[in-house]
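Colleague: Going by full-length UniProt numbering, the first residue of the sequence shown is number 1, and it counts up by one from there.
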Amino acid sequence: MGQLLKILGRTSSINVRKVLWTCQELEITYEREDWGIGFTPTHDPAFLALNPNAQVPVIIDENGVLWESNTICRYLVGKNGRSDLLPLEPAARARVEQWMDWQATELNPSWGYAFHALVRKNPDFQDPQRIAAGIKGWNEKMGLLEQQLNRTGAYVAGAQFSLADVLIGLSVHRWRQTPMERPDYPAVAAYCKRLERRPGFAEYASAAHS
Numbered sequence: 001m002g003q004l005l006k007i008l009g010r011t012s013s014i015n016v017r018k019v020l021w022t023c024q025e026l027e028i029t030y031e032r033e034d035w036g037i038g039f040t041p042t043h044d045p046a047f048l049a050l051n052p053n054a055q056v057p058v059i060i061d062e063n064g065v066l067w068e069s070n071t072i073c074r075y076l077v078g079k080n081g082r083s084d085l086l087p088l089e090p091a092a093r094a095r096v097e098q099w100m101d102w103q104a105t106e107l108n109p110s111w112g113y114a115f116h117a118l119v120r121k122n123p124d125f126q127d128p129q130r131i132a133a134g135i136k137g138w139n140e141k142m143g144l145l146e147q148q149l150n151r152t153g154a155y156v157a158g159a160q161f162s163l164a165d166v167l168i169g170l171s172v173h174r175w176r177q178t179p180m181e182r183p184d185y186p187a188v189a190a191y192c193k194r195l196e197r198r199p200g201f202a203e204y205a206s207a208a209h210s
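Written out as structure tokens, the structure reads:
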């Protein structure tokens with residue numbers, strides 16, 4: 001029997017919540033320690049020894065230490081043999097992973113400035129032009145998701161719920177909760193209704209989280 005999974009990171013982090021929702025889908029038992037904003041800083045030497053990037057989440061199990069939230073989610077799904085969430089067949093897997101990577105490399109960067117300004121009220125992020133540009137860019141990325149959901153009629157990578165929906169579902173919730181002007185995207189709204197039926201979404205996409 002393997003070592004009990006340990007997750008390091010505060011639940012207010014959207015990247016930590018990716019891992020927590022994945023664990024919920026997999027019915028994994030774990031223990032979690034708070035690290036980061038409001039808790040022990042991630043620049044503490046003990047944390048840096050685990051992740052030199054000083055970012056949460058980090059996991060520890062019998063195979064050692066792992067960081068990068070999307071990689072952690074892939075690892076846990078693979079370790080638990082859940083090919084329904086991340087297929088083994090290369091083409092089907094690639095369709096899921098392309099949207100996971102899109103979330104990390106395209107969608108995530110689009111919201112950074114606007115989110116820090118409008119939600120976290122960070123004084124270093126208050127340039128009106130950059131806020132407006134951030135909102136525009138964020139809405140444009142969500143427009144691409146609207147197009148994809150219109151094509152699939154269900155979930156991001158196709159007719160079935162997958163690991164990509166854990167990552168993107170949390171991101172969509174953040175977009176909908178941020179106080180800003182948003183286009184009316186009916187397919188995205190219907191997508192959220194489908195996600196709301198999953199206990200993991202109900203627990204980890206709470207509006208109380210930042």
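All residues carry an ideal CB built from backbone N, CA and C; glycine is no exception.
Small disclaimer: the values here were computed from a predicted structure and weren't measured.
1) When you compare each of L145, A54 and S110 to Q98 by their alpha carbons, which one comes out closest?
2) Exposed or buried, which one is H173 when buried takes at least 16 other CB atoms within 10 Å?
3) Using 7 Å as the threshold, is the C-beta distance between L107 and V58 below it?
4) Check T40 in the structure and name its three-state DSSP category.
5) Between which two residues does the alpha helix (DSSP H) harbouring R130 extend?
6) Name the residue from P45, Q126, A104 and E140 whose alpha carbon lies nearest to the alpha carbon of A54.
7) If we ignore side chains and look at the alpha-carbon of each, how far apart do P41 and N150 end up?
8) Under the DSSP definition of a beta bridge, which residues are partnered with R197?
9) Which same chain residues, not among the five before or five after C192, have their C-beta less than 8 Å away from its C-beta?
10) Buried or exposed for E109, going by 16 or more other Cβ atoms inside 10 Å?
11) Using the three-state DSSP reduction, which class does E97 fall into: helix, strand or coil?
12) Could I get the ranges of all uninterrupted beta strand (DSSP E) runs contained in the UniProt domain "GST N-terminal" (3 to 84), with 3 residues as the minimum, in chain order?
13) Quick one: grab the DSSP three-state call for residue 260.
14) From N80 to L26, what distance separates their C-alpha atoms?
15) Excluding sequence positions up to five away, which residues of its chain have a Cβ less than 7 Å from the Cβ of P199?
16) Use the C-beta contact count for I37: other C-beta atoms within 10 angstroms, 16 or more gives buried, fewer gives exposed.
17) Which residue wins for smallest C-alpha separation from L5, given the options G64, T11 and I14?
18) Using CA coordinates, which residue listed in A114, Q148 and A91 is at the minimum distance from A132?
19) In angstroms with no decimal places, state the Cα-to-Cα distance between Y185 and W138.
20) Within 10 angstroms of the Cβ of T22, are there 16 or more other Cβ atoms? Answer buried if so, exposed if not.
21) What is the rounded straight-line gap between the Cα of A189 and the Cα of Q148?
22) Just to confirm my understanding: we take R93, look at its own chain, exclude 5 residues before and 5 after, and list those with CB closer than 7 Å. What are they?
Modeller: The answer reads as follows:
1) The count along the sequence shown starts at 1 and reaches residue 98 at position 98. The option with the nearest alpha carbon to Q98 is L145.
2) Your numbering for residue 173 matches position 173 in the sequence shown. Its Cβ being crowded by 16 or more others within 10 Å, H173 is buried.
3) Along the sequence shown, read from residue 1 onward, the residue named residue 107 stands at position 107. Along the sequence shown, read from residue 1 onward, the residue named residue 58 stands at position 58. Contact: no.
4) Counted from its first residue, the sequence shown places residue 40 at position 40. Correct three-state label for T40: strand.
5) Here residue 130 refers to the residue found at position 130 of the sequence shown. Here the alpha helix (DSSP H) through R130 covers P128 to T152.
6) On the sequence shown, position 54 is the one that residue 54 refers to. When only C-alpha atoms are compared, the closest one is P45.
7) Translated into positions along the sequence shown, residue 41 becomes position 41. Translated into positions along the sequence shown, residue 150 becomes position 150. Cα to Cα, the separation comes out at about 42 Å.
8) For the purposes of this step, residue 197 is taken as residue 197 along the sequence shown, with counting starting at 1. DSSP, once it has assigned bridges, lists no residue as partnering R197.
9) Along the sequence shown, one-based indexing puts residue 192 at 192. Excluding positions up to five away in sequence, the list reads G169, V172, H173 and R176.
10) To locate residue 109, count along the sequence shown from 1; it is residue 109. Note that residue 109 corresponds to Pro in the displayed sequence, not to Glu. It counts as exposed.
11) For the purposes of this step, residue 97 is identified with residue 97 of the sequence shown, where counting begins at 1. Residue state, collapsed to three classes: helix.
12) 5 to 8, 30 to 33, 58 to 61 and 64 to 67
13) Within the shown structure, residues of the chain are numbered from 1 to 210, placing residue 260 beyond reach of any answer.
14) On the sequence shown, residue 80 is found 80 positions in, with the first residue counted as 1. On the sequence shown, residue 26 is found 26 positions in, with the first residue counted as 1. So the two alpha carbons sit approximately 7 Å from each other.
15) Within the sequence shown, residue 199 is the residue found at index 199, counting from 1. Hits under 7 Å: Q24.
16) Start at 1 with the first residue of the sequence shown, and residue 37 comes out as number 37. I37 is exposed by the Cβ-count criterion.
17) Locating residue 5 in the sequence shown gives position 5, counting from the first residue. The shortest C-alpha separation from L5 is found at G64.
18) Your numbering for residue 132 matches position 132 in the sequence shown. Among A114, Q148 and A91, the Cα nearest to that of A132 is on A114.
19) Sequence index remark: in the sequence shown, residue 185 carries index 185 (1-based). Sequence index remark: in the sequence shown, residue 138 carries index 138 (1-based). If I take the Cα positions, the gap works out to 13 Å.
20) The residue labelled residue 22 in the question sits at position 22 within the sequence shown. T22 is buried by the Cβ-count criterion.
21) Against the sequence shown, residue 189 aligns to sequence position 189. Against the sequence shown, residue 148 aligns to sequence position 148. About 13 Å.
22) Sequence index remark: in the sequence shown, residue 93 carries index 93 (1-based). L86 and P87, listed in sequence order.
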